[in-house]
Structure formats: C-alpha cells, structure tokens
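Chains as they are written, first to last, in the numbering used here: chain A, 1 to 110; chain B, 111 to 225.
No residue lacks a Cβ here, since even glycine has one placed at the ideal position from N, Cα and C.
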Amino acid sequence: GQQVMQIPQYQHVQEGEDFTTYCNSSTTLSNIQWYKQRPGGHPVFLIQLVKSGEVKKQKRLTFQFGEAKKNSSLHITATQTTDVGTYFCASDNYGQNFVFGPGTRLSVLP
Amino acid sequence: DAGVIQSPRHEVTEMGQEVTLRCKPISGHNSLFWYRQTMMRGLELLIYFNNNVPIDDSGMPEDRFSAKMPNASFSTLKIQPSEPRDSAVYFCASSLTPGSNYGYTFGSGTRLTVV
C-alpha cells in the first residue's frame with residue numbers, strides 16, 4: 001500500500017534556529033496534511049496542501065507541496081520551545097488509504 | 111464544540127479480559143477513524159467508517175478486535191481477549207468528509223495497558 005516516509009526521525013535544535021522536516025512518497029499523492037503532536041498529547045491538524053507546487057504559511061511555519069506531488073516539507077523559522085513535539089505528514093489518497101508518516105520529533109533547547 | 115470525546119482516558123486490564131473503548135465524534139462529521147499509536151509502529155489506521163458504515167477494516171490486527179458505529183454519534187472498539195501486545199494509545203478521529211480541508215480532529219486518546 002501507499003507509504004509516506006519522513007526525515008529526519010529526530011532533530012535537536014537550539015532555540016532560534018530553523019527546522020525543516022521532509023515527507024516523501026514513491027507515488028503521487030492527492031494531498032498532504034501536516035499534524036503536530038505534543039508530548040503526551042494527540043495529533044492536531046495544522047494544514048492541508050492539494051495543489052502541485054503549493055506553498056502555505058502560518059506565522060513562522062511554511063509548508064510546501066512538491067511539483068510532482070510526491071514530497072512535501074515543513075519549515076519552522078526561529079524555533080521556540082513551544083514548537084517541541086512530533087510533526088507528522090499524512091495523506092488520504094483521494095479517501096482510499098489513510099497513512100501517516102513516522103513523524104519527526106523536534107527538541108528545542110532553550 | 112467539545113471536540114472528539116474518548117473514554118476512558120486510561121485503562122489497565124489483565125490479559126484475557128475484554129476491553130471496550132468509546133468515542134463520540136464531532137457532531138456533523140461523517141467520517142470516523144480508529145488509530146493505534148505505539149513507539150515501534152507509529153500511528154496505524156485500524157478501521158474507518160463513513161456515514162456509520164465500515165469502509166476499510168484492513169488495519170484491524172486480528173479477530174480479537176472489533177469496531178461498531180451504531181449511530182452517527184457513537185463508536186466502540188472492542189478487544190476480546192486482550193493481550194499485553196495490545197498495549198498502546200488508541201485514538202479516535204473524525205472529519206467532515208475524506209480529504210476535508212479541515213483534516214481530522216483527534217480525541218485525547220485512551221492509553222491501554224494490558225498486564
């Protein structure tokens with residue numbers, strides 16, 4: 001079945017540094033969703049991208065969907081301690097296969 | 111809106127016992143999902159309902175697991191008999207439709223420990 005992979009698995013940054021996580025698939029995706037899960041919490045929906053080459057911003061977060069719709073990235077500018085958590089990409093492949101990536105765990109050192 | 115409500119928050123049970131997890135989706139959401147999260151396997155989709163009908167249960171581990179959605183406001187996930195390897199956090203999520211621009215809304219989860 002369809003799978004999405006994420007790199008890196010873990011990322012430790014100093015507060016104020018930038019952070020990027022990448023999501024990749026071997027097949028074309030209908031959409032990409034990004035979620036954040038705080039330690040001990042539940043995944044929280046951040047955004048959905050559907051168009052080839054789409055870029056969306058939420059304050060310090062920038063989301064991109066690749067031209068071929070096989071990859072995506074989430075970039076955080078000037079990380080803060082509140083950004084700590086695991087970031088997941090997910091895709092539902094036109095409502096057929098609901099898959100989450102393994103996630104990237106972000107630690108931010110004050 | 112109170113969001114997706116799951117109960118119980120924590121469950122500790124002995125191996126062999128029956129466990130029932132409950133979920134109330136957001137009113138008006140037509141799709142409901144049950145996920146299991148472990149360190150080793152990450153987030154796994156167990157089963158997906160659309161308009162109360164099970165659409166895809168290929169993720170249900172084995173016959174010990176069963177899920178029902180008798181109406182639009184309630185779903186259960188049952189494990190009988192439970193085993194230690196079932197220990198995990200079980201999340202329920204709902205959405206307006208598959209591929210909704212609003213994504214899936216997750217409940218707070220049920221942390222299940224089978225001893």
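Here A/V99 is buried. Its C-beta has 16 or more other C-beta atoms within 10 Å. Here B/T220 really is in contact with B/R119; their C-beta atoms are around 6 Å apart, less than 8 Å. Of all residues in the stretch 24-49 of chain A, only S30, N31, Q33, W34, Y35, Q37, G41, H42, P43, V44, F45, L46, I47, Q48 come within less than 9 Å of chain B when Cβ atoms are compared, listed by chain position.
With respect to the C-alpha of B/L187, the residue from B/A177, B/R195, B/E193 having the closest C-alpha is B/A177. Residue state for B/P164 is assigned as strand, using DSSP reduced to three classes. Under the criterion of beta carbons closer than 8 Å, A/S25 and A/Q3 qualify as touching, at roughly 7 Å. Distance check between B/F184 and each of B/W144, B/V225, B/M125 places B/W144 closest, using alpha-carbon atoms only. In this structure, A/V84 is the residue among A/G16, A/V84, A/Q9 with its C-alpha nearest to the C-alpha of A/R38. Taking 8 Å as the threshold, the shortest C-beta distance from A/P102 to chain B falls below it. Apart from the 5 residues on each side of it in sequence, A/Y22 sits with its Cβ closer than 6 Å to the Cβ of I7, S73 in its chain, given in chain order. In this structure, the straight-line span from the alpha carbon of A/N71 to that of B/M125 is close to 42 Å. Residue environment: A/H12 is assigned as exposed (fewer than 16 neighbouring CB atoms within 10 Å of its CB, all protein chains considered). Between B/T215 and B/I136, the C-beta spacing is below 8 Å.
Ranked by Cα distance from A/D92, the first of B/G113, B/S141, B/S117, B/Q127 is B/S141. One alpha carbon belongs to B/M150, the other to A/V55, and they sit about 32 Å apart.
Here B/V122 is exposed. Its C-beta has fewer than 16 other C-beta atoms within 10 Å. Note on geometry: alpha-carbon atoms of A/T28 and B/D166 lie some 21 Å from one another. Flagged as an interface residue toward chain B: A/D92, by a C-beta distance shorter than 8 Å.
Interface flag for A/G95 against chain B is set, since a Cβ pair is found closer than 8 Å. Against chain A, the CB of B/L155 has a partner CB under 8 Å away; the residue lies at that interface.
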